[in-house]
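Read the structure below first, then the notes.
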Amino acid sequence: MSTVSSGHTHAHHFESSQHEHKAGIHGVWLFLVTEILMFSGLFVAYAIFKGVYPEVFHEGHRYLDWRLGALNTVILLFSSLTMALSIHYIRVNKPKAAMINLLITIACGLGFMIVKYIEYNAKFHHGLYPGHFFTAHEHIEHKNLALFFSLYFCMTGLHGIHVLTGMGLIGWVAIRLKKGEFGPHHYTAVEGVGLFWHLVDLIWIYLFPLLYLVS
Amino acid sequence: MAHEHSTDYLHHGKGLWSWLTTLDHKRIGLMYMIAILTFFFFGGIFALLIRLELMHPGTQFMSPTVYNQVMTLHGTMMVFMVIIPGIPAFLGNFVLPIHLGAKDVAFPRLNLFSWYIFIAGALIAASAVVFGGVDTGWTFYTPYSIQTYKGTVFMVLGAFVMGFSSILTGLNFIVTVHKLRAPGMTMNRVPLFIWSIYSTAIIQVLATPVLAITLLLLVMERTLGIGFFDASLGGDPVLFQHFFWFYSHPAVYIMILPAMGIISELVVTFSRKVVFGYTAIAYSSIGIAAVSFLVWGHHMFVSGQSEFAGKIFSFITMLVGVPTAIKMFNWVSTMYKGSIRMDSPMLFAVGFMFLFAIGGVTGIFLATLSIDVHLHDTYFVVAHFHYVMVGGTLMALMGGIYYWFPKMFGKMFNETLARITFALIFLGFNITFFPQFIAGVQGMPRRYQDYIPEYEWLNRISTIGSWLIGAGFLLVLYVLIQGLRKGKPAGPNPWGAKTLEWTIPSPPPHENFTTTPVVSGGPYEYR
Amino acid sequence: MKYMPLQASTFGEDWDLVWNFVLWSSIISCIILIGGMIYFIFRYQRKTDKDKTAYITHNTFAEFLWSFIPLVVFMGIAAWGWEVYKDMRTFPTDALEVNVTAQKWAWNMTYSNGRTLTGKLVVPVGKPVTILLTSKDVIHSFFIPSFRVKQDAVPGRRSKLWFQATREGNYHLFCTEYCGMNHSGMLGTVSVVAQADFDAFMAENPNAEVSPIELGKQLYQQQACIGCHTTDGKPLVGPSFQGIFGKSVKIKGGGTVTADENYIRESILNPAAKIVEGFPENQMPVYQGALNEDQITALIEFIKAQK
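Sequence order for the protein chains is A, B and C.
Sequential numbering from 144 applies to the first sequence in my numbering.
Sequential numbering from 122 applies to the second sequence in my numbering.
Sequential numbering from 33 applies to the third sequence in my numbering.
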């Protein structure tokens with residue numbers, strides 16, 4: 144039991160590559176738990192400040208364009224589908240189809256970041272910077288509006304970093320796929336990255352209504 | 122059979138490079154040991170300097186500015202670089218896979234990566250000294266931490282990075298425990314050390330991310346002024362305390378649970394008797410881990426949180442005492458009708474129970490609302506957590522080092538000298554920290570560079586005690602180095618222990634087990 | 033020797049009762065645990081390396097006992113602790129109110145009639161007193177050991193505590209939340225006096241008819257300038273006031289400025305504007321809005337006089 148049919152060897156401390164795969168996915172799930180807990184800190188901050196300053200959040204959300212947010216939601220949901228499809232194609236041994244889907248996923252990630260860039264630019268243009276750099280004091284109704292934008296930039300910024308990380312990881316598995324390192328019985332890395340990507344998607348699904356659709 | 126299995130792990134691969142690129146959990150464990158002992162050395166020097174400054178009222182040789190930085194460095198180094206990684210990353214790495222009958226942890230590369238993250242984090246934290254210094258205390262309370270020296274950012278970032286090392290180590294251990302147990306090694310047959318490391322790993326995975334985001338927000342607060350913790354921007358400085366303690370209270374159990382695991386092993390081995398109440402000890406670890414997430418507010422009884430919150434936190438905090446009491450009584454019951462030998466590891470185990478009992482009951486004082494109002498942030502708290510962290514965790518770590526030293530290096534240390542180290546550390550510890558309980562009750566606040574003359578005699582005793590501890594640890598260093606160089610061969614099982622690591626040669630072969638062990642009974646079958 | 037500080041407030045007695053109960057139950061449980069352990073060490077010493085030991089895996093009843101009994105005791109302690117705490121947090125309506133503002137590194141007390149004091153709190157004996165706390169800069173904590181009371185002073189928030197002193201005398205006031213360089217010097221005195229003396233204290237008006245220099249000197253102490261600026265030429269956290277007026281000083285980030293009235297005024301109201309080279313930033317609180325024109329003038333006169 145040192146090798147399996149696909150021709151890949153497994154590390155010496157596992158019984159089989161299936162055993163190794165299970166352990167790997169277990170690890171990824173645990174990692175996702177830590178990610179959720181990390182974001183939960185921000186969600187708690189959101190809940191507290193929303194409780195204290197509901198009017199600030201109401202004013203803040205009007206500066207955000209829900210159409211761009213919705214567009215990004217659709218992009219990410221679609222990319223989750225293509226990510227899942229690429230894993231499916233690897234399992235049925237269709238590396239080419241899998242590769243196309245991976246590339247579409249990266250493209251979606253890029254699209255998401257471009258939309259984010261446009262949104263950020265619009266905020267900066269109006270002086271809606273986070274914290275100290277906030278300069279739009281004259282036009283606003285509530286004096287703690289900067290706090291809303293601090294939250295907005297922290298939450299979407301941290302999420303954006305995750306999108307970029309996810310794109311990098313998908314690029315990495317795409318390269319490995321091209322080298323022929325994955326097969327129907329050996330795709331732990333792709334599945335792990337896929338799970339990560341779904342989480343990034345899931346977090347956005349929470350961020351979108353919380354920030355863009357406050358009322 | 123003259124292939125690679127016959128070389129032990131210390132000689133499997135030669136040169137520094139083979140160590141820096143090793144995937145062997147035993148070598149990584151030793152690399153943690155070297156790093157942690159180095160940090161401990163510096164943290165200890167800082168502690169001695171603090172005590173020396175406090176020997177008399179007024180300024181002796183450190184101005185308040187210097188004192189506050191030394192106090193902060195002592196706290197941050199000891200907490201983030203010594204006590205949190207101390208047992209899990211060092212002894213846990215070395216022992217855990219062997220205890221399970223596995224050849225390595227689940228993700229060896231991740232394991233090595235965690236070590237490098239830890240070192241990187243430690244270096245970033247240490248660079249705070251160069252980039253303007255840090256004087257916030259290890260708790261980084263806002264708004265002070267937002268206003269003071271720029272070095273704070275580096276210290277906070279360093280702690281943030283080291284947090285990831287902790288998360289990844291915990292994750293690795295959880296998967297290892299779930300997936301890599303030898304055939305027949307069911308969860309109710311794993312050694313109790315595994316249960317404690319496992320509970321610790323759960324806390325590491327669940328709580329550390331919250332610290333990560335908290336520290337990140339603190340960095341953002343300093344660099345961008347996001348205002349979450351700044352009252353003038355609509356934020357709330359006390360929110361930081363909630364976030365911080367949501368991690369840092371469970372972190373207290375990251376520090377103590379592995380120590381409890383070591384004590385379980387030591388008490389059993391040196392009483393040569395099956396453990397009393399395996400299930401209760403195992404589940405009490407999980408119980409402590411679970412409750413640990415619900416008690417953070419007891420650090421904030423006078424911070425202005427609502428009286429109702431204080432009441433809830435006080436009652437839940439009391440619950441932690443129950444599983445702790447179970448453990449203590451079960452250890453003592455294990456000794457009942459045993460065959461007890463007081464070798465140096467057991468001396469430290471007994472020392473642990475003595476000091477931890479005091480540390481534990483003083484925790485009850487602090488959990489009591491009205492009493493805490495008076496004792497909060499006084500030297501009583503300082504003494505309490507040193508009794509738990511030093512009297513608990515460090516005593517257990519020392520016991521663990523002596524216990525597994527023959528396994529790690531295949532050699533015995535000088536037993537007589539080892540017992541003298543115990544005497545020095547144990548006595549020195551009590552002389553140093555017991556007077557601090559009294560100083561605290563009398564009202565001496567913590568983090569004071571100077572104090573009113575009434576407290577002088579207590580502080581003088583305390584400082585003298587600190588020299589004994591210092592001498593004790595220096596002697597430990599000598600005992601270990603001498604054992605390493607001139608120790609007699611230890612043989613596979615010098616203590617007559619029953620767990621799996623003692624069934625293989627000392628030092629263990631590169632792959633731990635030449636044939637996978639098959640387990641057919643509990644871990645401590647002394648019949 | 034008495035290990036507890038004097039009890040000098042109405043909380044003292046109840047507090048000490050809870051304390052004694054927790055203390056003695058702790059001592060008893062430690063004696064049982066540690067005593068049992070030490071007894072076993074000697075009683076069951078290893079005789080030979082082949083000793084047989086009893087195979088006792090568990091005893092459900094014993095384990096139930098030593099989890100249930102501690103549980104009951106702990107819950108009892110928590111409930112009792114809460115009862116006493118509840119008294120500490122139930123504020124009397126007829127209390128004398130004193131506003132206390134903490135800053136790095138001084139306590140400023142303001143009475144209802146506008147009388148202010150720094151580092152000293154004067155209260156009448158046998159009358160409830162409510163302290164309303166806030167902070168100008170970072171978190172501080174107001175602690176009187178002899179009264180068994182403590183409460184954090186948080187910037188942007190108002191917190192409070194109350195006590196009723198039972199004996200006349202002077203007691204220590206400490207800051208117990210780490211607040212930076214001079215944390216250990218942020219001390220004060222609580223002076224408990226007879227009601228008649230307190231009334232006399234309230235009737236005094238020391239601010240009437242004093243010279244600007246004299247008023248400046250009082251402010252120099254009350255506003256805690258003294259903690260960082262000496263008058264003997266020794267630099268502390270900030271530059272010494274001795275001979276500073278009219279001198280030209282180097283500014284952080286380049287350039288020099290003459291320390292005239294305008295510069296001193298600016299430095300009081302907005303300290304961060306021009307920091308003298310060699311001194312740390314962000315140490316001094318902003319006094320914008322905290323001092324009126326007369327007070328600023330008085331302070332400048334005082335600094336002028338430090339030749």
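Yeah, the Cβ is synthetic: ideal placement off N, Cα and C, and Gly gets one too.
All values derive from a computational prediction rather than experimental measurement.
| Asked | Found |
| --- | --- |
| Hey, could you find the ends of the alpha helix (DSSP H) Y203 (chain C) is sitting in? | Run containing Y203 (chain C): none in the alpha helix (DSSP H); it sits in the beta strand (DSSP E), 201-207. |
| Going by DSSP, name the residue or residues bridged to T142 (chain C). | C:N131, C:T148 |
| In chain C, what lies closer than 7 Å to V177 (chain B) by C-beta? | Residue identity differs from the one stated: residue 177 (chain B) is His in this sequence, not Val. The contacting residues do not exist; H177 (chain B) stays about 13 Å from chain C at best. |
| Which bits of chain B does H275 (chain A) rub up against, with CB to CB less than 7 Å? | L345, G346 |
| Straight-line CA distance for N451 (chain B) to A322 (chain B)? | 23 Å |
| To the nearest angstrom, how far is the alpha carbon of A430 (chain B) from that of H420 (chain B)? | 12 Å |
| Quick one: what's I163 (chain C) bridged to in DSSP? | C:V130, C:L193 |
| Report buried or exposed for P574 (chain B), applying the criterion of at least 16 other Cβ atoms within 10 angstroms of its Cβ. | exposed |
| Are the CB atoms of P206 (chain B) and S287 (chain B) within a distance shorter than 8 Å? | yes |
| Comparing alpha-carbon positions, which option in B:A410, B:G291, B:V326 lies nearest I208 (chain B)? | B:G291 |
| Between V186 (chain C) and chain B, is any beta-carbon pair separated by less than 8 Å? | yes |
| Taking buried to mean at least 16 other C-beta atoms within 10 Å of its own C-beta, is T636 (chain B) buried or exposed? | exposed |
| Ordered along the chain, which non-local residues of its own chain (more than five positions away) have a Cβ less than 7 Å from that of V281 (chain C)? | T288, V289, A291, V308 |
| Going by other Cβ atoms of all chains shown within 10 Å of its Cβ, with 16 needed for buried, is G642 (chain B) buried or exposed? | exposed |
| In chain order, which continuous runs of the beta strand (DSSP E) of length 3 or greater are located wholly inside the region 544-580 of chain B? | none |
| Consider the Cβ of G184 (chain A): report whether some Cβ of chain B lies at a distance smaller than 8 Å. | yes |
| I'd like the ranges of any beta strand (DSSP E) spanning at least 3 consecutive residues and lying wholly in the region 567-642 of chain B. | none |
| Answer with buried or exposed for H156 (chain A), where buried requires no fewer than 16 other C-beta atoms within 10 angstroms of its C-beta. | buried |
| Using only the alpha-carbon positions, how far apart do E324 (chain A) and Y272 (chain A) sit? | 45 Å |
| Excluding the five sequence neighbours on either side, which residues of its own chain have a C-beta within less than 6 Å of the C-beta of P379 (chain B), listed in chain order? | I208, P209, S317, I318, T321 |
| Could you say which of C:V222, C:E115, C:P160 lies nearest to L128 (chain C) if we only look at CA atoms? | C:P160 |
| Taking the alpha helix (DSSP H) that I288 (chain B) belongs to, which residues open and close that run? | 272-300 |
| Are the CB atoms of S41 (chain C) and Q227 (chain C) nearer to each other than 8 Å? | no |
| Give me the Cα-Cα distance between L228 (chain A) and R148 (chain B), rounded to the nearest whole angstrom. | 41 Å |
| Would you verify that the beta carbon of T307 (chain B) is, or is not, closer than 8 Å to some beta carbon of chain C? | no |
| Beta-carbon within less than 6 Å of F201 (chain B)'s beta-carbon, same chain only, minus the 5 sequence neighbours each way: which residues are those? | A280, M283 |
| Under 8 Å Cβ-Cβ, which residues of chain B neighbour S280 (chain C)? | Within chain B, no residue comes near S280 (chain C); the closest Cβ sits about 27 Å away, beyond 8 Å. |
| I want to verify the contact list: residues of chain B whose CB lies under 7 Å from the CB of A317 (chain A), in sequence order. | Ordered by position in chain B, no residue passes the 7 Å Cβ test against A317 (chain A), which lies about 21 Å from the chain. |
| For F72 (chain C) and F215 (chain B), I'd like the C-alpha separation in whole angstroms. | 32 Å |
| How would you write the range of the beta strand (DSSP E) that A185 (chain C) sits in, first residue to last? | 181-185 |
| Around the C-beta of R205 (chain A), are 16 or more other C-beta atoms found within 10 angstroms, so that it is buried, or is it exposed? | exposed |
| List the endpoints of the continuous beta strand (DSSP E) containing V281 (chain C). | 280-282 |
| From V396 (chain B) to M467 (chain B), what distance separates their C-alpha atoms? | 15 Å |
| Can you pull the chain B residues whose beta carbon is under 7 Å from the beta carbon of G194 (chain A), in chain order? | The contacting residues do not exist; G194 (chain A) stays about 11 Å from chain B at best. |
| Assuming R172 (chain B) and V274 (chain B) are in contact, meaning their beta carbons sit under 8 Å apart, how far apart are those beta carbons, in whole angstroms? | Contact flag wrong, Cβ pair sits at about 29 Å. |
| Could you spell out where the alpha helix (DSSP H) holding T335 (chain B) opens and where it closes? | 313-344 |
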